[in-house]
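Here our numbering = 1-based position in the sequence shown + 70. Working notes, beginning with the structure itself.
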Amino acid sequence: MRILLAAKTMGVGGLERIVVGLARELQSRGHAVWVVSSGGELVDELRRGGTTHVAAPLEITSPIGVAQAARQIRRLIVEQRIDLVHSFSATASVAINLALRVRGADGLDGVRLVSSPMGLQNSPRELPVTTWLRNWFLALGAEQILVISPEIRRHLKRVGARKQALVDFNFVGLDVDVFKPTQPGSDDRESVRREFGFPGDAWLVSTIGALHPRKSHELFIEAAMTVSAAEPLARFLVIGDGELRSELQLLARARGLGDRLVFTGVRDDVARLLSATDVYVKPGVVEGFIGITVLEALGLAKPVVAFDTEDVKLALTDGETGLIVANGDATGLADRIVFLLRHPEVGLRLGDAGQRLVLERFDFGVLAGRLEEFYQGVLERPPALLL
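Quick look at the structure:
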């Protein structure tokens, strides 16, 4: 198959890392894969894996940008004889639909489009109409819509997607050979603490994600303040970068965290940082997909604490593979973190169970194989327009 994956950007984020992994796995199975996006830090990783990246202005801000992106995508589809396009972005779907509007044109007849909403709100304060429009556009023109969570399925039904178009299909996973516990004798724990100026016997609590409103890092910082008062040896890493960095740094200082909390910026050694972590926290409160960083922490047998969203429960069962706190309750989040720091045996049990779950259900190689079969099935069936 000749496959085009379309994303808004290839910045550092969970969706973008999934696209990198899918491209790599599909190519390893003998398929030709292209990725189109507006670019970002992970483009180099795509290219190192042998995937061709095509830059197009998919961070669309004007009708001119939409038209330009559509022309580039149309040219790519025709020149590379693309069989199937998989869109992960509403803006990409708009441009793709424009590109495919003349289905009988040379090189466009028979091209199939599937899509995957990878989240709902961009922030807890986003207007419902904005969320509705984004997911309507993403579903537009797709023959099949791969649904990765129950909340996304419910929302797609509200925007008018036909029930038979929705396919429950998880392709969120990780490379289990990369995210696995370090071998005995590894110095990750010591070297990470030394790098950030933390005491050698410090407890390390980490979170990973773009510093964006949808990630709710302010709740992590509020919890860190409470944890720090209860456990003076606790230290904190916020791994990632983004538009809210300055604002969050000011909040951390206002909460008196000082050098006990470090903003690391974007890192290419996430597995190393997680290996040194005692408790991993997912502070997001909006629905979306599981969160690849949760799976990475579980793959490394680390205990995870998260807020109570439907989607995180696809990987976390409270008291079995992680701990779940009432949504938005920073005090409750701090309480669960302190509990795990004071009861490391519980953390070991949760981490072991979480790692088994990842190996059974979230191995990227297995998931990509299932996606390959799904694509093949789409190409073998007569086309059907859904929205």
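Note that CB positions come from ideal geometry on N, CA and C, so glycine has one too. Nothing here was measured: the structure is a model prediction, and the numbers come from that model.
In the stretch 81-130, which residue ranges form an unbroken alpha helix (DSSP H) of at least 4 residues, counting only runs that do not cross its ends? 84-98 and 113-118, all fully within the stretch 81-130.
Between which two residues does the alpha helix (DSSP H) containing residue 333 stretch? What you label residue 333 is simply residue 263 of the sequence shown in a count that begins at 1. Premise fails: residue 333 lies in the beta strand (DSSP E), 331-335, not in any alpha helix (DSSP H).
Sub-8 Å separation of residue 436 and residue 362 beta-carbons: Taking the sequence shown and counting its residues from 1, one reaches residue 436 at position 366. Taking the sequence shown and counting its residues from 1, one reaches residue 362 at position 292. Contact annotation: residue 436 and residue 362 have beta-carbon atoms that are not nearer than 8 Å.
Whose C-alpha, out of 410, 376, 411 and 390, is nearest the C-alpha of residue 396? Residue numbering aside, residue 396 sits at position 326 when the sequence shown is read from its first letter. Looking at the Cα atoms, 376 is the closest of the given residues.
Separation of residue 95 from residue 72, as counted between CA atoms: Along the sequence shown, one-based indexing puts residue 72 at 2. Along the sequence shown, one-based indexing puts residue 95 at 25. Straight through space, the alpha carbons of residue 95 and residue 72 are spaced by roughly 14 Å.
Do you know how far the Cα of residue 168 is from the Cα of residue 147? Here residue 147 refers to the residue found at position 77 of the sequence shown. Here residue 168 refers to the residue found at position 98 of the sequence shown. Their Cα atoms are separated by approximately 12 Å.
In terms of DSSP beta bridges, what is residue 200 paired with? Taking the sequence shown and counting its residues from 1, the one referred to as residue 200 is at position 130. Per DSSP, none; premise fails for residue 200.
Tell me the start and end of each unbroken beta strand (DSSP E) in the stretch 239-300 that is at least 3 residues and wholly inside, in chain order. Runs of beta strand (DSSP E) with 3 or more residues, each lying fully within the stretch 239-300, are found at 273-278, listed in chain order.
Leaving out five residues before and five after residue 459 in sequence, what residues of the same chain have Cβ atoms less than 6 Å from its Cβ? Because the chain here runs from 71 to 457, residue 459 falls outside it and cannot be looked at.
Which residues bound the alpha helix (DSSP H) around residue 448? The count along the sequence shown starts at 1 and reaches residue 448 at position 378. Element bounds for residue 448: 434-450.
Is residue 233 helix, strand or coil when you go by DSSP? For the purposes of this step, residue 233 is taken as the residue at position 163 of the sequence shown. Residue state, collapsed to three classes: helix.
Going by alpha carbons, who is nearest to residue 366 out of 354, 385 and 356? Translated into positions along the sequence shown, residue 366 becomes position 296. That would be 385, whose Cα lies nearest to the Cα of residue 366.
Thinking C-alpha only, which one of 98, 329, 267 and 126 is nearest residue 80? The count along the sequence shown starts at 1 and reaches residue 80 at position 10. The residue with the shortest Cα to Cα distance from residue 80 is 126.
Beta-carbon proximity check, residue 246 vs residue 422, cutoff 8 Å: Start at 1 with the first residue of the sequence shown, and residue 246 comes out as number 176. Start at 1 with the first residue of the sequence shown, and residue 422 comes out as number 352. Result no, Cβ atoms of residue 246 and residue 422 do not sit closer than 8 Å.
With a floor of 4 residues, list each alpha helix (DSSP H) that falls wholly inside the stretch 381-416, ordered by position along the chain. Counting whole runs of 4 or more residues, the stretch 381-416 contains the alpha helix (DSSP H) stretches 400-412.
Alpha carbon to alpha carbon, how far is residue 314 from residue 283? Here residue 314 refers to the residue found at position 244 of the sequence shown. Here residue 283 refers to the residue found at position 213 of the sequence shown. Cα to Cα, residue 314 sits roughly 7 Å from residue 283.
From what residue to what residue does the beta strand (DSSP E) around residue 341 run? Numbered from 1 along the sequence shown, position 271 holds the residue referred to as residue 341. In the DSSP annotation of this structure, residue 341 is not part of any beta strand (DSSP E); the continuous alpha helix (DSSP H) holding it starts and ends at 340-345.
For residue 74: DSSP bridge partner residues: Residue numbering aside, residue 74 sits at position 4 when the sequence shown is read from its first letter. DSSP lists 104 and 155 as partners of residue 74.
Where the beta strand (DSSP E) through residue 352 begins and ends: Looking up residue 352 in the sequence shown gives position 282. That run of the beta strand (DSSP E) goes 349-352.
Through-space distance from residue 449 to residue 119, alpha-carbon basis: Your numbering for residue 119 matches position 49 in the sequence shown. Your numbering for residue 449 matches position 379 in the sequence shown. Using only the alpha carbons, I get a separation of about 26 Å.
Can you find the residues in the same chain that come closer than 6 Å, C-beta to C-beta, to residue 373, ignoring five residues on each side of it along the sequence? Within the sequence shown, numbered from 1, the residue matching residue 373 stands at position 303. Excluding positions up to five away in sequence, the list reads 349, 410, 417, 420 and 421.
Could you say which of 334, 288 and 289 lies nearest to residue 307 if we only look at CA atoms? Along the sequence shown, one-based indexing puts residue 307 at 237. Here the closest residue by C-alpha is 334.
Decide if residue 248 is buried, meaning its Cβ has at least 16 other Cβ atoms within 10 Å, or exposed. Taking the sequence shown and counting its residues from 1, the one referred to as residue 248 is at position 178. With fewer than 16 other CB atoms across the displayed protein chains lying within 10 angstroms of its CB, residue 248 is exposed.
Run through DSSP, which three-state label would residue 171 get? Locating residue 171 in the sequence shown gives position 101, counting from the first residue. The three-state secondary structure of residue 171, taken from DSSP, is coil.
Please list the terminal residues of the continuous beta strand (DSSP E) segment that includes residue 184. As a working mapping, residue 184 is identified with position 114 in the sequence shown. It spans 182-185 - the beta strand (DSSP E) in which residue 184 sits, taken as one unbroken run.
Reduced DSSP secondary structure (H/G/I, E/B, other) of residue 314: As a working mapping, residue 314 is identified with position 244 in the sequence shown. It is coil, neither helix nor strand.
If residue 220 and residue 380 are in contact, beta carbons under 8 Å, what's the gap, nearest whole angstrom? Stepping through the sequence shown from its first residue, residue 220 is reached at position 150. Stepping through the sequence shown from its first residue, residue 380 is reached at position 310. Residue 220 to residue 380, Cβ: 5 Å. Contact.
With distance defined between alpha-carbon atoms, name the residue in 76, 340 and 442 nearest to residue 129. Walking along the sequence shown from the start, residue 129 turns up at place 59. Minimum Cα distance to residue 129 is reached at 76.
With a 10 Å radius around its C-beta and 16 neighbouring C-beta atoms as the bar for buried, classify residue 230 as buried or exposed. In the sequence shown, counting from the first residue as 1, residue 230 sits at position 160. Residue 230 comes out exposed.
In the DSSP assignment, what are the bridge partners of residue 304? As a first step, residue 304 must be located in the sequence shown, where it is residue number 234. Residue 304 pairs with 273.
What are the partner residues of residue 214, as DSSP defines its beta bridges? Taking the sequence shown and counting its residues from 1, one reaches residue 214 at position 144. Note: residue 214 sits in a beta bridge opposite 184.
N- and C-terminal bounds of the beta strand (DSSP E) containing residue 375: Residue 375 sits at position 305 when you count from the first residue of the sequence shown. From DSSP, the beta strand (DSSP E) with residue 375 extends over 374-377.
For the alpha helix (DSSP H) that contains residue 369, what are its first and last residues? As a working note, residue 369 is residue 299 in the sequence shown. DSSP places residue 369 in the uninterrupted alpha helix (DSSP H) bounded by 362-369.
Specify, as a first and last residue, the run of the alpha helix (DSSP H) that residue 220 falls within. Mapped onto the sequence shown, residue 220 falls at position 150. Note, residue 220: alpha helix (DSSP H), 220-228.
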